[in-house]
Amino acid sequence: MGAFKTSFFRELLQQNVAVYGQLLLACRDGARFRGNFDRLEEAALEAAIYLLVLRGQKSEDVPDIEWMSGKRLLGLVEDQHLRLQKEDVRLGLVLNVVGLLVLQEGDWRTVGYFVDRFQRDFFELPVFYEVLRVMLLASLEKDALRVGFERFDVDRLVGNLHSESHQIQLKSLACLQLLSNFRPEVCESWFEAIVRDDGRISQEHRSFMLCHLVETGARREDLRETMAKVVLSEDVWRLLNECCESPDQLVRKQALSVIKSLIAYQVDKKSTVESWQSFVTIVEALGESQTHLVLPALPFVGKMDQLKPEWKNSALKLILRHENNAVSGWGINYILKQDSFNDKRQSLERFLSALNLSNTIIQLTLSTSTNPPPLDRILLQLETLAKLNASVKLPSLSNWDEFQQRVDGLCFERLLARVRARKDGTELEVLARDVFVPFMRNERTSTERRFGQILDMDVMLAVRLLQHGNLSFSEVDLKAKLTNLLLTFNDDDSKATLQSVEIYQQLTTNPNLTPLLDEILPKLVLLFHKRLNRLNYESLPIAVTTQLVRLFCQLGRTDMVDLFLGTFSLEDLVATIQGCNEDKSLHEVVFNALSEVLVQRLKSETVNEAIKTKICQDFPKLIDLGSVQVLYNTLETLTILLAQPATLKEETFDAFREVINRCYREILIYRKSDHFMKLMARFVRALVAPVREGDTEENQNNAWLKEAVNEYCGMFLDQAVTIGGLANLLFEKLLQLPVAALLDWNPFARILLVGLLLGEGQKREQRIEDEFCAAKALTTPLFTPPTQLQSDARVRVMCVLFLYRLASTNHSDATLFLLKLERMLIERFQQISKSKERYYADSQTHRHKLRIVQALCVLLKLTGTHPYPLLEVVLYETNQPNINYLIELILADSSIDTLTIINSLRADKVKVSGVQSVFVVLWLRCCKTNYLDVEYINFLLPWTMAQNFSTRLYAQITIAKLIEKFYDKPEAGPFGNIHAAINSYLKQGNVEKNLEKCMKDFRFNRVFDYANLLTLENVFHNIPRVSGMAAEDVVGTRVLGECFASLKLERVNLGEAIEFGELSVEKRESLFLSAGFGGADHIQKKIVPLKAVEPGRELLGDLPERLRLRKAKEDGLIVVASLVDRAPNLGGLARSSEIFGVRQYVVGSLKDVESKEFQALSMTAEKWLNVAELKSFQLVDYLREMKAKGYAIVGAEQTTGSRPIQQIQFPARAVLVLGHEKEGLPAHIISQLDIVAEIPQFGVVRSLNVHVTGAIFMWEYARQHLVGVEGS
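In the UniProt record's numbering, the protein residues as written are 1 to 1272.
Here it is in structure tokens:
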């Protein structure tokens, strides 16, 4: 037949009737039908199902199909299993036929035959697990078939539960769940495999096995004995404890699911159940990231007393390692205040792995806590931590007034014994300064007696205590001890000799104690002369000698130092060391002392050329020989030499360049240590040392700047992205160089531009540190973090401050340089706008644009240029609010005529935000000049009736604010009627809610110093803070002051930080504790859908049996969004569609699903959603086709005949059509609708966003058809 003109006959006569054809063929020609069946053709298989159903119903009209047997079909499956594995529909039909044949034949031998073959040949093939499942279902229907499973190896199938194949794992699970119905030993074997911890089964697999065992047992009365074993098993609870700490979210969810099921068996233990519910509440809350979702649950840690200590440990560990710094900070405060570490706690080390920033966080807690724990407990806890983790150091307690009462005699004695045993110099410094000396001064017993006791125990400790305070002591006793130390100097040097010299050195650091050496010094000189006469380069003798030289250097005896340098040979020392295997720690002592002596000798004013030449020859050789301290001293030596005018000559240029390169290579070895940034600071200081005021083009120092400095600047700026604080070190030194040298250095403009824009999004660790400090309101100088806070922001501020320095010089090229930099910044801004018109807040594009405008705030004020390009930006571009705020300040402060700014609104395509910015500029100008031109009111009046609601509102507010500012009695002034009319309108309808927000706009609140709008506080602190920028971009007064100090500049144009009133962003609700659930009912938490717990590549096909047996409904809601063209709206609709169980989601192009904007809002919903593509021009035909299939077409639109959504009864089969974001549904689509519904509105704005509209319609459909049906 030809083509049909009507859809009625076209659809009627083009139906697929292949199955009916096969049924007729089976009746008419059995052989041909049998051939089709043997080839497993889909139509023949479906016909076979009908025939078997008819035979099962004892129908007399069934043709002869005795040839169709279970064994025969199993043979066909065996031959064609690879094909069936790829074709799900065909496999499903085959399984239906297998099930019917096995059930009707009732022969257990067929089952037994397959089971044997399965275990022998098919155990690794997924298709045959489906066949096995069908046979198990048949066995549940007919008991006689169960005999076929008597020889089935249960243990082997249980072993599949920890298979690496997710598909085999889930299919085996479905089979085990069915098999357990008539072979109870299945669950016994299952349980034994879980508790048998032989290391072969991973934690993830054991968690999976336990979760599904408990889930199976909870639904079956016959498995209560197995469940009792699970509840009483220590191995099970140990596994659950480990799983709750797992970083794998799925493992944690499975463990919580098991715990919830198991505590149902403890209903007689009410207090224990409450403790378990508290634990579950905490762990579930920690799955969220927002503070307001997590913090309310944390106090339930105190309700876990009925549980074993390891469960509380687990909860605390999860709290400590949480990504939200407020959550981890809560945990640290809890541990230090209310909990205590002790050696008996088996899992103590777990806390250490969570404290990646242990030093930082512990110090911050001690420094900022409003009620710090007793020092006695803190020190005990830190001491215990130190036994397990050597990186934990005692924090500084420099604010002694706060901690003085927290140390008693017992604590003092214990700490004294600790430092003597550990010999940790850094810790001793902290304790001596902050604990020992203050305690001895304030102790009731005699300070002199206490000091005498310490002197008898340890002379070095006693001397170090005297460095940190004026303590009463017996000078006679101390002199006697110091004189006795000379007895250690004999022909055979020992470590006691070395320690004696170190004690003498310690005395020289305190001018009040140095006179104690007056009587000893002549004897030391004589001893030193003897040593030089027979200079011994072996480890211990040379170590003592070099330490003596260091002592003479500290005492100012340069004659002794020069005598040594004239005698000493570094080559002989190296040769001696290489020729013997002696204590390497002594070699380190030697080289450290040598390098320090060279530094100190160079710093003295009396150094002669011979000694200087000797030092120049020797100090580069030490780079490869000593430790990190040698490297510090080498860099210091290099700095001193390069800073001297005559050092850098043409013949020495390359040699010093090579030394610089060697130092840098050596520094990189310490890349991951705490020394790296300190070394880099010294390196940068050495690098720029030759550049001084007055250098000329021909000077070698200027050549050094253009070659060596240029090379390393480029290198450091590349590395600054990954090494926080590196750029800070570079720019702090670079920007202090002479202006003339910098202006003569061509790459400097590019380097300065990089500095002005420096900084990407913070790494997690740095963000935690910064936000923790902000959260704790850290204002005391008790803590110095490992890296400087806001290091990138400091660089940007310093670069801006350098512009003030540049403008204040009299250099002829300074103004030209500023104009060049201004042009470069504006061009960069335009390039960014052209490449990316739309961008997200806090994105890298946003950060770069903001930083350009911040620099222009200062630069345009210095150059006096008219900012016309920025006027165009604010009028025609869409930017983030804080960028517009700053541009408004620039325009208000500029010399552009106000009339020019007003007339700019006459142009086409001015953005709504641009119009509002002009209103703000007008307000700022009036406040700045303290004058109101009547024409400004006349200009604003027409805008009070603009089409855009926000524009109307801002125009009205601007007029009201201007009238109120310049007239004491607005209602009685010349604009009284206008003021009254505006106030009357602003109180109508929903305007008042928007009014509150707009009236609180900081720009109208008179908080600025209008006489000076472009202060540094406004640019770097006030505007970023009020607009919600990240902590890294909000630069406070303290940091601004430190940047001025770093560059040694006078404070100019600083301004004042503004305290903005902050609105509450969340309501704190009272938590009423439920007696049965420990308060968990009242903690806000997100729904965890089943699909999130059981992910899989073939989700519906791989779910366990009890889920797979549900047949998909033909009814349902189809959401058509082909007219929606914005990816964020499409992504939001996808998320809502998945949540509300939409049957199909239709979009205009599947490419939209792949976009980042879509996925940012969809939250992976598209992975679980049936998404289809339908072009907008195909929409009418599609709607007609769906109508013919029985679907009702529902439209979301406001029309003359539309009805409120609450009055609509959605049909079970419905298609929801959503319109374009602006135009809505076009007329030719509305004509196709069966139902038109609208959402009632009570405000002023015309309509809802299409995403919100779609979500409301989906919920209404779900409420009518799904709620209560599926237990939603």
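Glycine included, C-beta positions come from ideal geometry on N, C-alpha and C.
Contiguous alpha helix (DSSP H) elements confined to the segment 1172-1245 occur at 1179-1188, 1227-1230, taking only those with 4 or more residues. Spanning the alpha carbons of ALA1011 and ILE890 requires a straight line of approximately 13 Å. Taking the CA atoms as reference points, THR447 sits about 46 Å from VAL684.
DSSP, reduced to helix, strand and coil, places ALA907 outside both helices and strands of the structure shown, so it counts as coil. Here the alpha carbon of ASN536 sits roughly 58 Å from the alpha carbon of GLY1036. For VAL918, the enclosing alpha helix (DSSP H) covers residues 912-929. Assigned with DSSP and collapsed to three states, GLN1144 falls in strand. In terms of Cα proximity to ARG72, the closest of ARG55, ASN746, VAL97 is VAL97. ILE65 sits in coil when the DSSP states are folded into three classes, being neither helix nor strand. Along the length of the segment 286-324, whole alpha helix (DSSP H) runs at least 4 residues long occupy 291-294, 309-320, reported in chain order. Looking at the backbone, the Cα of ASP559 and that of LEU565 are separated by about 10 Å. Residue environment: MET457 is assigned as exposed (fewer than 16 neighbouring CB atoms within 10 Å of its CB, all protein chains considered).
Out of TYR931, ILE1230, LYS171, the CA that lies nearest to the CA of ARG1184 is found in ILE1230. Within the DSSP bridge table, the entry for ALA47 names no partner. In this structure the segment 937-953 lies against the segment 896-914, because at least three pairs of beta carbons, one per stretch, are closer than 8 Å. For the pair VAL544 and PHE552, the CB atoms are not nearer than the 7 Å cut-off. In the three-state reduction of the DSSP assignment, GLY106 falls in the coil class.
Taking C-alpha positions only, LEU758 is separated from VAL800 by approximately 12 Å. Apart from the 5 residues on each side of it in sequence, ASP1152 sits with its Cβ closer than 6 Å to the Cβ of ALA1127, LEU1130, PHE1158 in its chain, given in chain order.
Taking the CA atoms as reference points, VAL628 sits about 12 Å from ARG671. Fully enclosed beta strand (DSSP E) runs of no fewer than 3 residues are not present anywhere in the segment 462-516.
Residue environment for CYS244: buried (at least 16 other C-beta atoms within 10 angstroms of its C-beta). Sixteen is the threshold: when 16 or more other Cβ atoms of the shown chains lie within 10 Å of the Cβ of PRO126, as they do, the residue is buried. Listed as beta-bridge partners of LEU625 by DSSP are no residues whatsoever. Here GLY1116 carries a strand assignment [DSSP, helix/strand/coil]. Secondary structure of ALA1121 (DSSP, three-state): strand. Contact between ILE1239 and LEU1225 is absent: CB atoms are separated by about 14 Å, not below the 8 Å threshold.
By the CB criterion at 7 Å, LEU1123 and ARG1143 fall outside the cutoff.
GLY1243 and ILE319 have their alpha carbons spaced roughly 43 Å apart. Listed in chain order, the alpha helix (DSSP H) elements of length 4 or more contained wholly in the segment 820-892 are 844-863, 868-876. A straight-line Cα-Cα distance of about 41 Å links GLN617 and ARG796. With respect to the C-alpha of VAL1147, the residue from LEU461, VAL111, PHE829, GLY1219 having the closest C-alpha is GLY1219.
In the DSSP assignment, PHE1257 falls within the unbroken alpha helix (DSSP H) covering 1250-1265. Around the beta-carbon of MET715, fewer than 16 other beta-carbon atoms lie within 10 Å, marking it exposed. Straight-line measurement puts the Cα of LEU753 at about 21 Å from the Cα of SER812.
A Cβ-Cβ separation of about 17 Å leaves PHE128 out of contact with LEU161 under the 8 Å criterion.
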